[in-house]
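See below for the structure under consideration.
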């Protein structure tokens, strides 16, 4: 090996270490930023706690907490099946033609839409055109519109990234295309699909602008009434429901009506952060458990 070759190898190793350090520093910066931000919100929320803040009345956030979980549940019921099926179509059935290109452009455009625009669309279509008042189901539909692009794109990318041997091996054994997708390919990329689901859930937990025009800012719940056809039943999806994100906004803009408005806003923000973190950890745990079950490894 001549001197010039040794010099090139030394230079390449130097730049490799340099760029590794730069990218590690960038990743560490964002990780630290998230830790500091989450820590600040959580600490400030804990300090804002007062007895009765979880009450299911105007002095607590119990009703808003339930509305948030219920709305995210409704939105995932809509967006996950639709997004996964759309991703399967784009990865396995759609050809390379003008229609496919138009669909891809639409998905990209949809993912970049401001939530306030989706909220106005939801208000016009799900509220005015149907003749209904603000309700949780309309809010779930609006959030689903915002969530669909991430789930669709994640599912498509996950299916396309699988080795061809998965599909060829299954179909070589006599399985149909659909059976291969549902029994072999989807289970193999479930962890990546769950990333899109987590992003969709996070969008639902923190969304406010779209829900302002669709879900409404009022909550009237009778916890003794479980007749789902009535407006005060907690499980009625066609009743107005203020979520925690909207409640924070209300407490910060119209908080003079409540003496504990600042404490409620701070504590609600902490609850939202903890909810998103808990949902992410739980999803990762269940996904990992499913993967271990499929591979026959011990949990």
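In this note's numbering, the protein residues as written are 91 to 389. Beta carbons are placed, not taken as given, at the ideal position from N, Cα and C, and that holds for glycine. Note that the coordinates shown come from a computational prediction; the quantities given were computed from them, not determined experimentally.
For residue 241, which of 155, 350, 135, 286 has the nearest alpha-carbon? Numbered from 1 along the chain shown, position 151 holds the residue referred to as residue 241. Residue 241 has its Cα closest to that of 286, out of 155, 350, 135, 286.
Check whether the Cβ atoms of residue 333 and residue 157 lie closer than 7 Å to each other. Mapped onto the chain shown, residue 333 falls at position 243. Mapped onto the chain shown, residue 157 falls at position 67. Remark: C-beta atoms of residue 333 and residue 157 approach each other more closely than 7 Å.
C-alpha distance - residue 428 paired with residue 360, whole-angstrom precision: A question about residue 428 goes unanswered here, because the residues of the chain that appear run from 91 up to 389.
Assign residue 337 to one of two classes, buried (16 or more other C-beta atoms within 10 Å of its C-beta) or exposed (fewer than that). For the purposes of this step, residue 337 is taken as residue 247 along the chain shown, with counting starting at 1. The residue in question, residue 337, is buried, as its Cβ has 16 or more Cβ neighbours within 10 Å.
Identify the continuous alpha helix (DSSP H) that holds residue 343 and give its terminal residues. Here the question's residue 343 lines up with position 253 in the chain shown. Note, residue 343: alpha helix (DSSP H), 334-343.
Following the continuous alpha helix (DSSP H) through residue 189, name the residue where it begins and the one where it ends. Here residue 189 refers to the residue found at position 99 of the chain shown. For residue 189, the enclosing alpha helix (DSSP H) stretches over residues 188-201.
Would you check if there are 3 or more beta carbon pairs closer than 8 Å linking the stretch 173-187 to the stretch 230-248? Output reads yes: the stretch 230-248 touches the stretch 173-187.
Candidates 311, 117, 206: closest to residue 326 by CA position: For the purposes of this step, residue 326 is taken as the residue at position 236 of the chain shown. Measuring C-alpha to C-alpha distances from residue 326 to each of 311, 117, 206 identifies 311 as the nearest.
Going by CA-CA distance only, name the one from 316, 294, 117 that's closest to residue 160. Translated into the one-based positions of the chain shown, residue 160 becomes position 70. Looking at the Cα atoms, 294 is the closest of the given residues.
Enclosing alpha helix (DSSP H) for residue 264 [first to last residue]: In the chain shown, the residue the question calls residue 264 occupies position 174. Taken as a continuous stretch (DSSP letters only), residue 264 belongs to no alpha helix (DSSP H), as it is neither H nor E.
Element boundaries [alpha helix (DSSP H), containing residue 125]: The residue given as residue 125 occupies position 35 in the chain shown. It spans 93-137 - the alpha helix (DSSP H) in which residue 125 sits, taken as one unbroken run.
How about the stretch 266-277 and the stretch 192-203: do they share at least three Cβ pairs that are nearer than 8 Å? Contact between the stretch 266-277 and the stretch 192-203 is absent, because fewer than three Cβ pairs lie under 8 Å.
Starting from residue 169, trace the alpha helix (DSSP H) both ways and give me its first and last residue. Taking the chain shown and counting its residues from 1, the one referred to as residue 169 is at position 79. Start and end: 152-178.
Cα-Cα separation between residue 97 and residue 103, rounded to whole angstroms: Stepping through the chain shown from its first residue, residue 97 is reached at position 7. Stepping through the chain shown from its first residue, residue 103 is reached at position 13. The alpha-carbon atoms of residue 97 and residue 103 are separated by roughly 10 Å.
Tell me the residue span of the alpha helix (DSSP H) that contains residue 317. Counted from its first residue, the chain shown places residue 317 at position 227. Boundaries for residue 317: no alpha helix (DSSP H) harbours it, and the DSSP string shows neither H nor E there.
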